[in-house]
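Whatever position you read off the sequence shown (first residue = 1), add 363 for the working numbering.
Note that the Cβ used here is the ideal one computed from N, Cα and C, for glycine as well.
In this text the structure is predicted, and so the values were computed from the model without any measurement.
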Amino acid sequence: MHLKKKGTVLISTMIVLSLMSILGCFMFKMMKNNNELSCLYNFDKDRYDLNSNEEQVLNKFMIEINREKVNSEKLNEDMFSENFNKKIDDNIIEYNKDNNKLLLTTYKEDDVIRKRSIVYSFKGEKIILIPTYNFDDYNK
């Protein structure tokens, strides 16, 4: 009778530990493959690392580009038919027609220059600028 109780406790303990292990592995794989949850593992910054200054600069450029589009009465595709550079304060947005890419250059604290790739899309009559997580930091 005494051996039977110890055997049952041992088997139930092994089952509980294996279920906890399977659940832990499942949670880890789910967090690893999910972008929002995987940024919790990066303690210094998230994947996009978009600060408020960079967000404000991108918003200013989006307003400026949409204002120019309304004033020039061009079609959506005509605006991106040639290379252009626009400058607001010390920040620059460049469009390269050959690569079909927008590049935002901003200046952060500590004399760091950040170049971020930007994706654009057309929503109705407006041009929307969307930041990507592809960026490079350079020292001045």
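How long is the line joining the alpha carbons of Asn416 and Asn454, rounded to whole angstroms?
Start at 1 with the first residue of the sequence shown, and residue 416 comes out as number 53. Start at 1 with the first residue of the sequence shown, and residue 454 comes out as number 91. Asn416 and Asn454 have their alpha carbons spaced roughly 11 Å apart.
By the 10 Å Cβ neighbour count, where 16 or more other Cβ atoms means buried, how is Tyr458 classified, buried or exposed?
Residue mapping note: residue 458 aligns to position 95 of the sequence shown, counting from 1. Counting Cβ neighbours within 10 Å, Tyr458 comes out buried, since at least 16 surround it.
Spatially closest choice to Val475 from Tyr501, Gly487, Asp452, Lys432, by CA coordinates
Reading the sequence shown from its first residue, position 112 is the one you call residue 475. From the listed residues Tyr501, Gly487, Asp452, Lys432, the smallest Cα separation to Val475 is found for Tyr501.
Using only the alpha-carbon positions, how far apart do Gln419 and Thr469 sit?
One-based indexing of the sequence shown puts residue 419 at position 56. One-based indexing of the sequence shown puts residue 469 at position 106. Answer to the nearest angstrom: the Cα atoms are 11 Å apart.
Cα-Cα, which of Asn414, Ile374, Cys388 is closest to Arg477?
Indexing the sequence shown from 1 puts residue 477 at position 114. Looking at the Cα atoms, Asn414 is the closest of the given residues.
Contact check, Leu492 vs Met425, beta carbons under 9 Å
As a working note, residue 492 is residue 129 in the sequence shown. As a working note, residue 425 is residue 62 in the sequence shown. Closer than 9 Å, so yes.
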